[in-house]
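S.K.: Before I ask anything, let me first share the structure, which is written out below as structure tokens.
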Amino acid sequence: MIPGAALFLLACAALAHEVLLVRLLHIVHEHHFAFMILSLALLGYGAGATGLTLAQRFLCKRPAAVFAAAAVFLSWAVLLSVPGLSRLFFNPLEILWDVRQTARLAALYLSLSVPFFAAGLATGLAFRTRPEKIHRLYLADLSGAALGAALAVGLLQTVDAVWALRLVSAVAASAALLVRAGNFLSRASICVLANLALQVLVPHAALMPSPNPYKGLAYARELPETRLTAERFGPMGWVAVLESPRVPFRSLSGWSLSCAAQAPSTPLGLFVDGAGPVPSRRGRQVLLAR
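Note that our numbering has the sequence shown beginning at 728, numbered continuously upward.
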């Protein structure tokens, strides 16, 4: 039997992951592609429900085991979404003339919909196998989704994006654990706990989102003796402060080509979601003030 609490946690993890992906796509690529999260989430949920319809004869025989497996799969898909997002080398500036970029965009779209496929399959399975309790399951699903959206915003206020992904991944795995709560020492429960322990071993640096090579932050990191002095994550953006003592940052926005004055320069540059720089003389103080 699939309890409503397990569906609550699954919906919470899925919606929190969706909100986090909006921020992560903004960091890695541009804000234009962050909006496609809504459509790919719907694609994943629809594909999961379609898969359940086609294979319900087999999946509905052991609904608890299938639900737990889908929750564990969702847990890993949440955790590994950022490394996959950063390693596809998609450049939106070349999409008009390079067919490979279109293929990479399609691969990006499909890979990011995989977690929602697992969530859609598990949600549909809960509704399909417990029709007499569908009103309570629907309440658990909507309540978990509402909490997940708020949870993602709260996590971005307090921790960085990687820790937010780790916590959301743990919530998804906990949904699998609740299915087996009746027999805590069962083989499936031990596998879920081992899964959580294994995720702790994934290096933090490997999960950190990195802007694509064509954004300002990536260019600035190639300058000699450049280092990251401060950073701060938040629901409104990721602000990073870079110090470049040998090649200072300058802003010439709005200057005439005939202007003979020397542009002011500073070794500190602010980058918001990888875009910039905005020269600043106070760098870290700006972040602390916020």
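Every residue gets a Cβ at the ideal spot worked out from N, C-alpha and C, and that includes glycine. Keep in mind that this is a model prediction, so the values were computed, not measured.
Does I754 come within less than 9 Å of chain D when only Cβ atoms are used?
M.R.: The structure shown contains no chain D; it holds only a single protein chain.
S.K.: On the CB-based measure, 16 or more other CB atoms within 10 Å of its CB, does L769 come out buried or exposed?
M.R.: For this step, residue 769 is matched to residue 42 along the sequence shown. Under this definition L769 is an exposed residue.
S.K.: What does the alpha-carbon distance come out to for the pair M935 and S985?
M.R.: Position 208 of the sequence shown, counted from the first residue, corresponds to residue 935. Position 258 of the sequence shown, counted from the first residue, corresponds to residue 985. Taking the straight line from one Cα to the other gives about 43 Å.
S.K.: Starting from S813, trace the alpha helix (DSSP H) in both directions and tell me its first and last residue.
M.R.: The count along the sequence shown starts at 1 and reaches residue 813 at position 86. Segment P790 to S813, the alpha helix (DSSP H) holding S813.
S.K.: Let me confirm a value: F911 is counted as buried when at least 16 other C-beta atoms fall within 10 Å, else exposed. Which label applies?
M.R.: As a first step, residue 911 is located in the sequence shown; it is residue number 184 there, counting from the start. Residue placement at F911 cannot be trusted, given a pLDDT of 47 that sits under 50; the coordinates are not used to answer.
S.K.: When the Cα atoms are used, what is the spatial distance from C787 to S937?
M.R.: Here residue 787 refers to the residue found at position 60 of the sequence shown. Here residue 937 refers to the residue found at position 210 of the sequence shown. Here the alpha carbons of S937 and C787 stand approximately 41 Å from one another.
S.K.: Rounded to whole angstroms, what's the CA-CA distance from E970 to L995? Just pull it up for me.
M.R.: Taking the first residue of the sequence shown as position 1, residue 970 is located at position 243. Taking the first residue of the sequence shown as position 1, residue 995 is located at position 268. Their Cα atoms are separated by approximately 5 Å.
S.K.: May I have the straight-line CA-CA distance separating T780 from L869, to the nearest angstrom?
M.R.: Start at 1 with the first residue of the sequence shown, and residue 780 comes out as number 53. Start at 1 with the first residue of the sequence shown, and residue 869 comes out as number 142. Straight-line Cα distance between these residues: approximately 22 Å.
S.K.: Between the segment 734-741 and the segment 894-904, do three or more beta carbon pairs fall short of 8 Å?
M.R.: These segments touch.
S.K.: On the criterion of 16 or more Cβ atoms from any shown chain inside 10 Å, does T850 qualify as buried, or is it exposed?
M.R.: Indexing the sequence shown from 1 puts residue 850 at position 123. Under this definition T850 is a buried residue.
S.K.: By the 10 Å Cβ neighbour count, where 16 or more other Cβ atoms means buried, how is P790 classified, buried or exposed?
M.R.: Translated into the one-based positions of the sequence shown, residue 790 becomes position 63. The Cβ neighbour count for P790, taken over all protein chains shown within 10 Å, is at least 16; the residue is labelled buried.
S.K.: Taking 8 Å as the cut-off, does the segment 800-810 touch the segment 835-851 (at least 3 CB pairs, one atom from each stretch)?
M.R.: The segment 835-851 is in contact with the segment 800-810.
S.K.: Around the Cβ of L823, are there at least 16 other Cβ atoms within 10 angstroms (buried) or fewer (exposed)?
M.R.: Counting from one through the sequence shown, the residue named residue 823 turns up at place 96. L823 comes out exposed.
S.K.: With respect to the beta strand (DSSP E) encompassing V687, which residues constitute its N-terminal and C-terminal limits?
M.R.: Look at the range of the chain in this structure, 728 to 1017, and you will see that residue 687 is not part of it.
S.K.: Three-state secondary structure (DSSP) at F911?
M.R.: For the purposes of this step, residue 911 is taken as the residue at position 184 of the sequence shown. For F911, the predicted model reports a pLDDT of 47, less than 50, meaning its position is unreliable and no value from the coordinates is stated.
S.K.: How about the segment 872-886 and the segment 745-754: do they share at least three Cβ pairs that are nearer than 8 Å?
M.R.: Segment contact: the segment 872-886 against the segment 745-754, three or more CB-CB distances shorter than 8 Å; contact assigned.
S.K.: Name the one or two DSSP bridge partners that G996 has.
M.R.: The residue given as residue 996 occupies position 269 in the sequence shown. Paired residues: L969 and P1006.
S.K.: Alpha carbon to alpha carbon, what distance is there between V1005 and S992?
M.R.: To locate residue 992, count along the sequence shown from 1; it is residue 265. To locate residue 1005, count along the sequence shown from 1; it is residue 278. In a straight line, the C-alpha of S992 is about 11 Å away from that of V1005.
S.K.: On a Cα-Cα basis, can you pick out the residue from A947, L950 and I729 that is closest to R857?
M.R.: Reading the sequence shown from its first residue, position 130 is the one you call residue 857. Nearest C-alpha to R857: I729.
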